[in-house]
Amino acid sequence: MDAGDRPGRLAVGVLGAGKVGSVLGAALAQAGHRVVAASGVSDTSQRWAAERLGVRTRNPEEVVGAAELILLTVSDDALPGLVAGLASTGADLRGKLLVHTSGAYGLGVLDPAAEQGAFPLALHPVMTFTGRDDDLNRITGISFGVTSPEPLRPIAEALVIEMGGEPVWIADADRALYHAALAGAANHMVTLIAESSELLERIGVEHPGRMLGPLLGAALDNVLRLGISGLTGPVVRGDAITVRRHVDALILAAPEAADAYVALARLTADRALAAGLLKPEAAERLLDALGGNIWT
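Read in numbering that gives the first Met the number 0, the sequence shown has 49 at position 50, and its numbers run on one by one without any break.
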């Protein structure tokens with residue numbers, strides 16, 4: 000394959016036919032590529048390989064041997080070992096597109112395979128995959144964080160577009176920060192909302208999701224449109240007494256959540272002060288309320 004050419008119809012292999020691999024493999028099949036092999040250990044992965052990709056699971060070396068484009072859709076921690084294992088087994092990687100979907104890793108994790116002639120690509124779909132059948136529909140229009148050697152950039156971008164996504168170029172050195180930003184927004188948001196829901200249930204609110212939904216929807220819309228200028232609530236108002244009452248209540252009811260509240264309140268105050276939304280004297284009162292004697 001000429002590294003500068005747009006990919007034609009390719010034989011696709013999926014190493015890890017789980018939530019991500021089965022969806023992206025199916026998306027490539029819809030674009031006209033042909034899924035020829037997949038690997039998967041769990042019963043669910045084997046079922047998704049059959050139902051979503053139309054193949055039976057095989058061992059990784061057989062998948063590599065059958066494919067021209069190989070999706071590495073395993074967990075971040077498993078990715079280096081998988082690549083090193085493929086390289087050490089002598090699998091024929093020459094001229095094959097080796098695509099990992101990790102947000103945290105760049106191209107370096109693929110070096111053992113690239114040294115044997117593979118073409119390395121990092122294509123990270125910016126979406127949460129739950130394993131539900133509607134995951135395939137949810138990737139239409141999403142961003143993919145794309146990192147590749149410059150000669151492979153047209154191929155990387157074409158593959159993303161074929162899957163229905165929008166390629167966004169991420170420098171190799173910025174992958175960890177890029178992924179931290181995404182995880183901080185999406186993963187930690189889930190934790191915060193789950194914690195809030197449990198606190199509301201504890202005081203007798205029967206349907207916390209119904210209560211939180213409109214508030215969170217408006218807050219998300221505000222920040223996506225206005226950035227930090229969309230901030231509302233006691234911190235930006237400088238209501239130090241209210242913030243202190245929040246922390247005192249959390250210390251009693253959910254001490255494990257109090258540290259997180261204090262850290263986020265401090266960060267919110269810092270951002271609001273820098274944006275000119277909070278007066279310095281109000282910020283000082285807030286920081287005093289969140290200060291070192293807070294646990295006494």
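Think of the CB as a built atom: it goes at the ideal place given N, C-alpha and C, for glycine as much as any other residue.
* **Pairwise C-alpha distance: residue 235 and residue 160** => Numbered from 1 along the sequence shown, position 161 holds the residue referred to as residue 160. Numbered from 1 along the sequence shown, position 236 holds the residue referred to as residue 235. Rounded to the nearest angstrom, the two C-alpha atoms are 41 Å apart.
* **Reference residue 208, options 189, 169 and 118, closest by Cα** => Reading the sequence shown from its first residue, position 209 is the one you call residue 208. For the residues 189, 169 and 118, the minimum Cα distance to residue 208 belongs to 189.
* Asked: Helix or strand or just coil, what does DSSP make of residue 32?
  -> In the sequence shown, the residue the question calls residue 32 occupies position 33. Coil at residue 32, not helix or strand.
* Asked: Got a sec, what are the start and stop residues for the beta strand (DSSP E) residue 99 sits in?
  -> As a position in the sequence shown, residue 99 is number 100, starting the count at 1. Looking at the DSSP string, the run of the beta strand (DSSP E) that includes residue 99 is 96-99.
* Name the two residues that bound the continuous alpha helix (DSSP H) containing residue 67. => Locating residue 67 in the sequence shown gives position 68, where the first residue counts as 1. Neither: residue 67 is in no alpha helix (DSSP H) and is coded neither H nor E.
* To do: Use the C-beta contact count for residue 72: other C-beta atoms within 10 angstroms, 16 or more gives buried, fewer gives exposed.
  => Taking the first residue of the sequence shown as 1, we reach residue 72 at position 73. Result: buried.
* C-alpha distance - residue 12 paired with residue 28, whole-angstrom precision -> For this step, residue 12 is matched to residue 13 along the sequence shown. For this step, residue 28 is matched to residue 29 along the sequence shown. Using only the alpha carbons, I get a separation of about 11 Å.
* To do: Buried or exposed for residue 279, please, with buried defined as at least 16 other CB atoms from any protein chain shown within 10 angstroms of its CB.
  => Counting from 1 along the sequence shown, the entry for residue 279 is found at position 280. With fewer than 16 Cβ atoms within 10 Å of its Cβ, residue 279 is classed as exposed.
* **Assigned secondary structure, residue 234 (DSSP; H/G/I helix, E/B strand, else coil)** => The residue given as residue 234 occupies position 235 in the sequence shown. Looking at residue 234 - three-state DSSP - the assignment turns out to be helix.
* To do: For residue 138, collect the residues of the same chain with a Cβ closer than 7 Å to its Cβ; drop the 5 residues on either side in sequence, then sort them by chain order.
  => Position 139 of the sequence shown, counting from 1, holds the residue named residue 138. 22, 26, 124, 126, 162, 163 and 164.
* Could you tell me which of 285, 228 and 67 sits nearest to residue 275, measuring between CA atoms? => Counting from 1 along the sequence shown, the entry for residue 275 is found at position 276. Minimum Cα distance to residue 275 is reached at 228.
* Asked: Since residue 181 contacts residue 102 with CB under 8 Å, what's their CB separation in whole angstroms?
  -> Residue 181 sits at position 182 when you count from the first residue of the sequence shown. Residue 102 sits at position 103 when you count from the first residue of the sequence shown. Going by Cβ atoms, the distance from residue 181 to residue 102 rounds to 6 Å, so yes, they are a contact pair.
* DSSP three-state assignment for residue 261, whether helix, strand or coil -> Within the sequence shown, residue 261 is the residue found at index 262, counting from 1. DSSP places residue 261 in helix when its eight states are reduced to three.
* residue 40 burial status per 10 Å Cβ neighbour count (16 or more: buried) -> Mapped onto the sequence shown, residue 40 falls at position 41. Residue 40 is exposed by the Cβ-count criterion.
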